[in-house]
DNA sequence: ATAGGGTTAG
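Residue numbers (my numbering): 482 to 1135.
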């Protein structure tokens, strides 16, 4: 039984349309269109496709399917519920199509990724057509679709029409045009629009800032010029516009640290300042408003990316109306700092206490915790969980499962997911399975899959190339690796990255071709970094080529003069051939630079307490007992013919 | 009715 309440906006709307409606003259008091509109509005609010269908049927019975408002609402709801074909049926049945209705279908096509249909309809909305003329709403909707489609040329053509009609002067249209350029990675074009806009609002600035972020991310060299970005944000302030929730959330996403560098600390400082800004400006986090949960999730993410999940948890605890995003953010925070028990606890709490239904993202997020705590069995459990919720065909989940299964020793399960569950594969699916085969020493299969991927029309990217090259390297498939490398560089115009090059050096080196590996380094376009010399070093150590080993160490010391482990290893190399004079010299060099060997540390968790140990560490309360046990173990090892090599460690026990 | 923000996978 549905009861209707008298609400403002809709009633007003109906009142205003009543004046022109042919229906009201006949049945003004109990106009069936009012009830139908209410029903449709309710179905949209309640996300009920069934209710929309019922309303549609009722509209048929009373002959109202061509009522402009009802048709518009039907089209809207069908598109929202991913039934664009039904929306099209309603649309086609209309004898007169107004701009509003066309815009609704246009936007619905966009929501359903039906870009070609959307462009087709847009093309019809011009002078001399049976369709109405495009207005400012049309343009903002079409720019959004063009942006999602990712075709700048198409966007420029649409912009041309917009300029002709004088519609790009509108602020919202201008903003959506900027967003379109941003999505296509054309920051300069977005900036041009921004500079030429007659009226700008906060959203214009937000579009500019997020456009800058999108254009900067992925460009390895000029990945993210922090200063310029914060200058942009300051420019917004000096134009008298305040940051709104959108601005803050974009900026917060840039405050995630990924290490302990100065730049990270800098970013973290900005992040905390933004948190203060939220509090000071009463972008309050505990009012339970939708936008506040949004900001809360951004904050949780920012804190956990900076290694401070505890503060993230405090933000989380204070959030009212926690949604799946907030829950996933905090769970992700705990997963990333390795607190798997806590993450799993929250994953359960989310469901039992907050009746939250995990989605594909939350399942992907919890997966590393399960594999870490319970190995292959844990991955299988999550997989089963996903199957019961019919989420097992989701691309990102499949990709995560392929990767985690193969890393947990379940290559056969990974293959099954790849072959039977992962219906629409992407570059990540292919590189995950190829990497998996490589990991399990099945280089030949990795090569077969790589070639199959190319035959299926996928262009290789650097990640998948690294996956297949490292597979070749591990399995000693020198010829295949060389062939693939040559092909991706010449046929697919992939510029060799440092990682790709170190795969090649590793591959040649492991195959015993140390000199060829060295020649490869010499002909590289890029400056050899630590990973490349490290690969050469490893290979020359395996094959006992101490001359090349020395060269690699010296190069490493040259490019990483502050990394003490290079000195230690070089010194160990000389110690092995009893060249104590050189050893002494190296250690003197280290002392002069003020470098110390970082002591190795190992630890074990027992009953939620972590016990850590350094070399020759006697500080543990049970130290005597532990060493007695250790001596007994060493003795037992020696008795079983294993002769542990203590030479290097003894050297540095002064 | 239109634009702009959040969690995940190699």
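Virtual Cβ for every residue (Gly too), placed ideally from N, Cα, C.
Q: Quick one: using the 10 Å Cβ neighbour count with 16 as the cut-off for buried, is residue 821 buried or exposed?
A: For the purposes of this step, residue 821 is taken as the residue at position 340 of the first chain. The residue in question, residue 821, is buried, as its Cβ has 16 or more Cβ neighbours within 10 Å.
**Q.** 6 Å CB neighbourhood of residue 664 in its chain, flanking five on each side removed
**A.** On the first chain, position 183 is the one that residue 664 refers to. Result list for residue 664: 628, in chain order.
**Q.** Contact set for residue 818: own chain, Cβ-Cβ below 6 Å, skip 5 residues either direction
**A.** Working through the first chain from its first residue, we reach residue 818 at position 337. Excluding positions up to five away in sequence, the list reads 790.
Q: Determine the contact status of residue 784 and residue 774, defining contact as a CB-CB distance below 8 Å.
A: Mapped onto the first chain, residue 784 falls at position 303. Mapped onto the first chain, residue 774 falls at position 293. For residue 784 and residue 774, no; Cβs fall outside 8 Å.
Q | Simplified DSSP assignment, three categories, for residue 1083 | A | Translated into the one-based positions of the first chain, residue 1083 becomes position 602. The answer is strand: DSSP assigns residue 1083 an E or B state.
Q | Integer Cβ distance of residue 533 from residue 555, believed to fall under 8 Å | A | The residue labelled residue 533 in the question sits at position 52 within the first chain. The residue labelled residue 555 in the question sits at position 74 within the first chain. Rounded, the Cβ-Cβ distance is 7 Å, consistent with contact.
Q: With a floor of 4 residues, list each alpha helix (DSSP H) that falls wholly inside the segment 708-786, ordered by position along the chain.
A: 726-733, 743-761, 771-786
Q: Output yes or no for whether 8 Å exceeds the beta carbon distance between residue 722 and residue 683.
A: For this step, residue 722 is matched to residue 241 along the first chain. For this step, residue 683 is matched to residue 202 along the first chain. Contact: yes.
Q. CA-CA distance, residue 591 and residue 625?
A. By one-based count along the first chain, residue 591 stands at place 110. By one-based count along the first chain, residue 625 stands at place 144. For residue 591 and residue 625, the distance between alpha carbons rounds to 8 Å.
Q. Residue 1092 by DSSP, collapsed to three states: which one?
A. Your numbering for residue 1092 matches position 611 in the first chain. DSSP places residue 1092 in strand when its eight states are reduced to three.
(Q) DSSP three-state label for residue 503, please. (A) If you number the first chain from 1, residue 503 lands on position 22. Legend: pLDDT at residue 503 = 40, less than 50; position of this residue unreliable, value from coordinates given subsequently. If DSSP states are grouped into helix, strand and coil, residue 503 belongs with coil.
Q. Is residue 589 buried or exposed, if buried means 16 or more other CB atoms sit within 10 Å of its CB?
A. Translated into positions along the first chain, residue 589 becomes position 108. Buried.
Q | Pair within 8 Å by beta-carbon distance, residue 993 and residue 1017 | A | Walking along the first chain from the start, residue 993 turns up at place 512. Walking along the first chain from the start, residue 1017 turns up at place 536. Cβ atoms of residue 993 and residue 1017: not closer than 8 Å.
Q. From this set, 711, 1059, 1121, which residue's C-alpha is nearest residue 735's C-alpha?
A. Taking the first residue of the first chain as position 1, residue 735 is located at position 254. Checked all of 711, 1059, 1121; the closest Cα to residue 735 is 711.
**Q.** Exposure of residue 981, with buried meaning 16 or more beta-carbon neighbours within 10 Å
**A.** Here residue 981 refers to the residue found at position 500 of the first chain. Buried, by the Cβ-count rule.
Q. By how many angstroms is the C-alpha of residue 725 removed from the C-alpha of residue 782?
A. Counting from 1 along the first chain, the entry for residue 782 is found at position 301. Counting from 1 along the first chain, the entry for residue 725 is found at position 244. Residue 782 and residue 725: Cα-Cα distance of roughly 19 Å.
Q) So what's residue 562 in DSSP terms, helix, strand or just coil? A) Stepping through the first chain from its first residue, residue 562 is reached at position 81. Three-state DSSP puts residue 562 in coil, outside helix and strand.
Q: Can you have a look at residue 519 and say buried or exposed, based on whether 16 or more other CB atoms are within 10 angstroms of its CB?
A: For the purposes of this step, residue 519 is identified with residue 38 of the first chain, where counting begins at 1. Counting Cβ neighbours within 10 Å, residue 519 comes out buried, since at least 16 surround it.
Q: Could you tell me the boundaries of the alpha helix (DSSP H) in which residue 1032 lies?
A: In the first chain, residue 1032 corresponds to position 551, counting from 1. Where residue 1032 is concerned, the enclosing alpha helix (DSSP H) stretches over 1027-1040.
Q.
In the DSSP assignment, the alpha helix (DSSP H) including residue 610 goes from what residue to what residue?
A. Taking the first residue of the first chain as 1, we reach residue 610 at position 129. Neither: residue 610 is in no alpha helix (DSSP H) and is coded neither H nor E.
Q) What whole-angstrom Cβ distance do residue 441 and residue 887 have, given they're in contact under 8 Å? A) Because the chain is modelled from 482 through 1135, residue 441 falls outside the range shown and cannot be assessed.
**Q.** 7 Å Cβ shell around residue 574 - same chain, five flanking residues per side excluded
**A.** Along the first chain, one-based indexing puts residue 574 at 93. So the list reads 546, 547, once near-sequence residues are dropped.
**Q.** residue 598 versus 760, 975, 586, residue with shortest Cα-Cα distance
**A.** Taking the first chain and counting its residues from 1, the one referred to as residue 598 is at position 117. Measuring from the Cα of residue 598, the nearest candidate turns out to be 586.
**Q.** Inter-residue spacing [alpha-carbon to alpha-carbon] between residue 523 and residue 543
**A.** As a first step, residue 523 is located in the first chain; it is residue number 42 there, counting from the start. As a first step, residue 543 is located in the first chain; it is residue number 62 there, counting from the start. Approximately 19 Å, taken between the alpha carbons.
**Q.** Cβ neighbours of residue 730 in the same chain (closer than 7 Å, five flanking residues each side left out)
**A.** By 1-based counting over the first chain, the position of residue 730 is 249. So the qualifying residues of the chain are 775, 776, 779.
Q.
Going by DSSP in three states, residue 645 sits in which element: helix, strand or coil?
A. Locating residue 645 in the first chain gives position 164, where the first residue counts as 1. Here residue 645 sits in helix by DSSP.
Q: Pull up the distance between the alpha-carbon of residue 506 and that of residue 550, whole angstroms please.
A: Position 25 of the first chain, counted from the start, is the residue given in the question as residue 506. Position 69 of the first chain, counted from the start, is the residue given in the question as residue 550. Confidence in residue 506 is poor, its pLDDT being 39 and thus under 50, which makes the residue's placement too unreliable to answer from.
Q: Inspect the beta-carbon positions of residue 717 and residue 686 and report whether they are closer than 8 Å.
A: The residue labelled residue 717 in the question sits at position 236 within the first chain. The residue labelled residue 686 in the question sits at position 205 within the first chain. Taking 8 Å as the Cβ cut-off, residue 717 and residue 686 qualify as a contacting pair.
Q. What is the DSSP secondary structure of residue 935, reduced to helix, strand or coil?
A. Stepping through the first chain from its first residue, residue 935 is reached at position 454. Looking at residue 935 - three-state DSSP - the assignment turns out to be helix.
Q: Find the nearest neighbour of residue 456 within the set 957, 909, 923, judged by alpha-carbon distance.
A: Nothing about residue 456 can be reported from this structure: the residues present for the chain run from 482 to 1135 only.
**Q.** Closest residue to residue 973 among 961, 562, 1117, 939 (Cα-Cα distance)
**A.** Here residue 973 refers to the residue found at position 492 when the first chain is read from its first residue. Closest by alpha carbon: 939.
Q) Is it true that the CB of residue 816 sits closer than 8 Å to the CB of residue 824? A) Here residue 824 refers to the residue found at position 343 of the first chain. Here residue 816 refers to the residue found at position 335 of the first chain. Their beta carbons are under 8 Å apart, which means residue 824 touches residue 816 by this criterion.
Q: Could you check what DSSP says for residue 632 in three-state terms: helix, strand or coil?
A: For the purposes of this step, residue 632 is taken as the residue at position 151 of the first chain. Coil at residue 632, not helix or strand.
Q.
Short of 6 Å in beta carbon distance, which residues of its chain neighbour residue 917, apart from the five on each side in sequence? Order them along the chain.
A. As a first step, residue 917 must be located in the first chain, where it is residue number 436. Excluding residues within five positions, the ones whose Cβ falls inside 6 Å are 887, 892, 895.
Q: Would you kindly work out how many angstroms separate the C-alpha atoms of residue 652 and residue 667, rounded to a whole number?
A: Position 171 of the first chain, counting from 1, holds the residue named residue 652. Position 186 of the first chain, counting from 1, holds the residue named residue 667. Taking the straight line from one Cα to the other gives about 19 Å.
(Q) Once DSSP output is grouped into helix, strand and coil, what is the label at residue 799? (A) Within the first chain, residue 799 is the residue found at index 318, counting from 1. The answer is helix: DSSP assigns residue 799 an H, G or I state.
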